[in-house]
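Visitor: Here it is, the structure in full.
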Amino acid sequence: MRLDRPVVFGNWKMNGLRAEGLALAGALAERAVRLTGTLGIFPPFTLIHAVAQRVKDTAILVGGQDCHERASGAFTGCVSAPMLADAGAKAVILGHSERRHGFGETDALIRAKFRAARAAGLLVVLCIGETEAEYLAGERRSRLVAQLAGSLPEGIGPEGLVVAYEPVWAIGTGRTPSSDEIRAIHGELRALLAKRIVGGEAVPLLYGGSVKPENAAEIMALSDVDGVLVGGASLDARSFWSIYRAGGGA
Ligand code: 13P
Numbered sequence: 051m052r053l054d055r056p057v058v059f060g061n062w063k064m065n066g067l068r069a070e071g072l073a074l075a076g077a078l079a080e081r082a083v084r085l086t087g088t089l090g091i092f093p094p095f096t097l098i099h100a101v102a103q104r105v106k107d108t109a110i111l112v113g114g115q116d117c118h119e120r121a122s123g124a125f126t127g128c129v130s131a132p133m134l135a136d137a138g139a140k141a142v143i144l145g146h147s148e149r150r151h152g153f154g155e156t157d158a159l160i161r162a163k164f165r166a167a168r169a170a171g172l173l174v175v176l177c178i179g180e181t182e183a184e185y186l187a188g189e190r191r192s193r194l195v196a197q198l199a200g201s202l203p204e205g206i207g208p209e210g211l212v213v214a215y216e217p218v219w220a221i222g223t224g225r226t227p228s229s230d231e232i233r234a235i236h237g238e239l240r241a242l243l244a245k246r247i248v249g250g251e252a253v254p255l256l257y258g259g260s261v262k263p264e265n266a267a268e269i270m271a272l273s274d275v276d277g278v279l280v281g282g283a284s285l286d287a288r289s290f291w292s293i294y295r296a297g298g299g300a
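For the record, in the sequence shown the residue sitting at position 109 is 159 according to our numbering, with numbers rising by one throughout.
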């Protein structure tokens with residue numbers, strides 16, 4: 051899958067009943083028949099099929115927000131990667147901090163999910179990020195290194211992978227790291243990926259955490275920032291589209 055810059059992904063989280071989800075997808079579909087960059091939306095499981103149908107004549111990519119590590123079986127309440135693909139998803143977010151911290155997901159589990167997602171042909175958007183306590187304790191770098199090392203399977207290539215740096219303390223808070231910090235971290239992540247994966251320097255790196263139309267241009271102009279992963283501001287078609295435009299997308 052080719053991912054032209056800017057890569058702008060919207061994580062709807064647990065938001066959207068059918069009517070509003072389809073209205074949002076429809077409003078984006080009108081703007082995104084052809085795109086110079088990459089625009090993706092990640093609705094809740096219940097809307098993936100309907101949203102994928104709604105945007106099928108456009109360049110918009112649809113993905114899930116999580117998947118199980120097994121393809122099928124007695125796992126009440128879970129959704130597998132082949133099920134996501136069957137519903138029309140082309141991608142899946144894994145390791146989001148709300149899964150890591152709210153549901154106790156470990157790097158080992160995320161790595162297993164990663165394998166399952168790739169086996170189903172899904173693009174993986176792997177999220178990593180430090181908590182505020184880790185940030186204040188000066189443990190940010192070691193945390194990110196550990197998360198990358200623990201959740202990337204051995205022997206993978208750069209294709210089908212996007213890494214999103216989302217500091218936990220910036221998610222939904224209106225706070226973001228400074229531009230210098232984001233640039234420095236993304237540069238380090240690029241170097242780490244190049245060391246770990248053959249061709250890893252080509253993996254798109256997204257920043258996520260309180261991205262809005264007002265700060266999107268500055269963030270996406272930074273070196274080693276290939277795009278953004280947007281939460282709250284992706285629930286409004288106008289803001290989401292203006293974030294995409296702020297990154298140079300048309
Ligand atoms: P906000 O943009 O609402 O801070 O959320 C970011 C996020 O968690 C995207 O995955």
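Every residue gets a Cβ at the ideal spot worked out from N, C-alpha and C, and that includes glycine.
Under the assumption that A141 contacts G90 (Cβ atoms under 8 Å), give the Cβ distance between them as a whole number of angstroms.
Guide: Counting from one through the sequence shown, the residue named residue 141 turns up at place 91. Counting from one through the sequence shown, the residue named residue 90 turns up at place 40. Their Cβ separation, rounded to whole angstroms, is 6 Å, which keeps A141 and G90 in contact under 8 Å.
Visitor: Inspect the beta-carbon positions of A79 and R288 and report whether they are closer than 9 Å.
Guide: For the purposes of this step, residue 79 is taken as residue 29 along the sequence shown, with counting starting at 1. For the purposes of this step, residue 288 is taken as residue 238 along the sequence shown, with counting starting at 1. Contact flag unset, no.
Visitor: Assuming A141 is part of the beta strand (DSSP E), what are its boundary residues?
Guide: Here the question's residue 141 lines up with position 91 in the sequence shown. Taken as a continuous stretch (DSSP letters only), the beta strand (DSSP E) holding A141 covers 141 to 144.
Visitor: Suppose the cutoff is 7 Å on Cβ atoms and the five residues either side in sequence are ignored; what does the same chain contact list for T226 look like?
Guide: Mapped onto the sequence shown, residue 226 falls at position 176. A220, G259, S260, N265.
Visitor: Please state the DSSP three-state secondary structure of I110.
Guide: Against the sequence shown, residue 110 aligns to sequence position 60. Coil.
Visitor: Which residue from P208, V280, I293 puts its Cα closest to that of P250?
Guide: Against the sequence shown, residue 250 aligns to sequence position 200. For the sequence presented, residue 250 should be read as Gly rather than Pro. Nearest C-alpha to G250: P208.
Visitor: Can you check DSSP and say which residues form a bridge with C177?
Guide: Within the sequence shown, numbered from 1, the residue matching residue 177 stands at position 127. C177 is bridged to A214.
Visitor: Considering only DSSP beta bridges, list what S10 is partnered with.
Guide: As displayed, the chain neither begins before 51 nor continues past 300, which places residue 10 out of reach and without an answer.
Visitor: Evaluate A241 with the Cβ neighbour count: other Cβ atoms within 10 Å of its Cβ, from every protein chain shown; 16 or more gives buried, anything less gives exposed.
Guide: Residue 241 sits at position 191 when you count from the first residue of the sequence shown. By the 10 Å Cβ count, A241 comes out exposed.
Visitor: Give the secondary structure of I91 by DSSP, where H, G and I count as helix, E and B as strand, and everything else as coil.
Guide: The count along the sequence shown starts at 1 and reaches residue 91 at position 41. Note: I91 maps to strand in three-state DSSP.
Visitor: Going by the beta-carbon positions, is the gap between G66 and P93 smaller than 9 Å?
Guide: For the purposes of this step, residue 66 is identified with residue 16 of the sequence shown, where counting begins at 1. For the purposes of this step, residue 93 is identified with residue 43 of the sequence shown, where counting begins at 1. Yes, they are a contact pair.
Visitor: Is G113 near the ligand 13P - that is, is its Cβ less than 8 Å away from at least one heavy atom of it?
Guide: On the sequence shown, residue 113 is found 63 positions in, with the first residue counted as 1. No; taking the cut-off as 8 Å, the Cβ of G113 has no heavy atom of the ligand 13P nearer than that.
Visitor: Roughly how many whole angstroms lie between the Cα atoms of L72 and R295?
Guide: Against the sequence shown, residue 72 aligns to sequence position 22. Against the sequence shown, residue 295 aligns to sequence position 245. Whole-angstrom Cα-Cα distance: 22 Å.
Visitor: Among T181, H151, A244, L186, which one has its Cα closest to the Cα of L211?
Guide: Residue mapping note: residue 211 aligns to position 161 of the sequence shown, counting from 1. Of T181, H151, A244, L186, the residue nearest in Cα terms is A244.
Visitor: Taking only heavy atoms of the ligand 13P into account, decide whether any of them is closer than 8 Å to the Cβ of V174.
Guide: Looking up residue 174 in the sequence shown gives position 124. V174: no, Cβ never under 8 Å from the ligand 13P.
Visitor: To the nearest angstrom, report how far apart G123 and A271 are at their CA atoms.
Guide: Working through the sequence shown from its first residue, we reach residue 123 at position 73. Working through the sequence shown from its first residue, we reach residue 271 at position 221. Distance between the alpha carbons of G123 and A271 is about 45 Å.
Visitor: Assuming F290 and G113 are in contact, meaning their beta carbons sit under 8 Å apart, how far apart are those beta carbons, in whole angstroms?
Guide: For the purposes of this step, residue 290 is taken as the residue at position 240 of the sequence shown. For the purposes of this step, residue 113 is taken as the residue at position 63 of the sequence shown. So it is not a contact: roughly 15 Å between Cβ atoms.
Visitor: Whose CA, out of K63, R120, T96, A75, lies closest to the CA of L111?
Guide: Indexing the sequence shown from 1 puts residue 111 at position 61. Out of K63, R120, T96, A75, A75 has the C-alpha closest to the C-alpha of L111.
Visitor: Would you mind giving the Cβ-Cβ distance between I62 and L285, rounded to the nearest angstrom? I have them listed as a contact below 8 Å.
Guide: Residue mapping note: residue 62 aligns to position 12 of the sequence shown, counting from 1. Residue mapping note: residue 285 aligns to position 235 of the sequence shown, counting from 1. Contrary to the premise, residue 62 reads as Trp rather than Ile in this sequence. Contact holds; Cβ gap of about 6 Å.
Visitor: Got a sec, what are the start and stop residues for the beta strand (DSSP E) F59 sits in?
Guide: In the sequence shown, the residue the question calls residue 59 occupies position 9. Per DSSP, F59 belongs to the beta strand (DSSP E) from 57 to 61.
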